[in-house]
Amino acid sequence: MKLLKSTIHPDVSDLSSSCFTRKAARAIVLNGDQILLLYTQRYHDYTLPGGGIDEGESNIEGLIRELREETGAHNVTNIQPFGLYEEYRPWHKSDFDIVHMESYCYVCNIDNELRATELESYEIQNGMTPVWINIHQAIKHNEETLAKSPKKGLSIVRETFLLKKIVEELL
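Put into structure tokens, the structure is as follows:
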């Protein structure tokens, strides 16, 4: 899979610190200029559906599971690789200093009807909701959150980059 971008968070000064790798699969589901995203009230941002790949799971299996859990999507078809976004970020627990996050992004199709989500408790607490939104509006919204909001999470830089890359390469 082609590397889209590799970043190091400004708070990471030494890559030789204790580090672990977390792999995630992220879905790009388009319908014209509408895109299926997750709005997270806590961080006031839009992100691609997806998340951590479980042990023993392939990237594709993780992608399909995460899409189903977070959006209720089903009948995922025509899965095509889009690219890899890797980042080194500070880790928030005492077992490691750094997480090497590898986000494997795939374009895919789903059935139009979304079923019930199976969100985890922290996702519910953060106010995560699947939405179809115009991709240009989502980018503008995330850019405003980046510029103005003290609530922004660590993933918004990645997500905004990916949304712009989707427009550039797929629309």
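This note's numbering puts the last residue of the sequence shown at 913; the count rises by one with no breaks.
All residues carry an ideal CB built from backbone N, CA and C; glycine is no exception.
Per DSSP, which one or two residues make a beta bridge with residue i?
i	result
residue 832	840
residue 785	Answer by DSSP bridge pairing: none, since residue 785 is not bridged.
residue 872	780
residue 773	776
residue 766	794 and 845
residue 813	Paired residues: none, contrary to the question.
Can you have a look at residue i and say buried or exposed, based on whether 16 or more other CB atoms are within 10 angstroms of its CB?
i	result
residue 886	exposed
residue 897	buried
residue 884	buried
residue 757	exposed
residue 774	exposed
residue 889	exposed
residue 812	buried
residue 913	exposed
Using a Cβ-Cβ cut-off of 7 Å, state whether residue i counts as contacting chain B.
i	result
residue 824	No chain B is part of this structure, which consists of one protein chain only.
Out of the options, state which residue places its alpha-carbon closest to the alpha-carbon of residue i.
i	options	result
residue 807	911, 791 and 778	791
residue 865	785, 845 and 744	785
residue 856	746, 757 and 778	778
residue 892	772, 766, 787 and 755	787
residue 842	746, 751, 744 and 811	751
residue 867	782, 744 and 776	782
residue 874	861, 863, 852 and 860	852
residue 770	810, 817, 805 and 849	849
residue 911	772, 830 and 815	772
residue 745	860, 795, 826 and 817	826
residue 780	840, 859 and 913	859
residue 809	871, 840 and 863	871
Excluding five sequence neighbours on each side, which residues of the same chain lie with their C-beta closer than 6 Å to the C-beta of residue i?
i	result
residue 748	828
residue 768	790, 792, 845 and 847
Among residues of its own chain, excluding the 5 on either side of residue i, which ones have a beta-carbon nearer than 7 Å to its beta-carbon?
i	result
residue 753	832
residue 895	785 and 787
residue 869	782, 783 and 784
**Message:** For the segment 755–762 against the segment 795–809, do three or more pairs of beta-carbon atoms, one drawn from each stretch, fall closer than 8 Å, so that the two count as touching?
**Reply:** no
**Prompt:** Is the segment 811–823 touching the segment 900–909, taking contact as three or more C-beta pairs under 8 Å?
**Reply:** no
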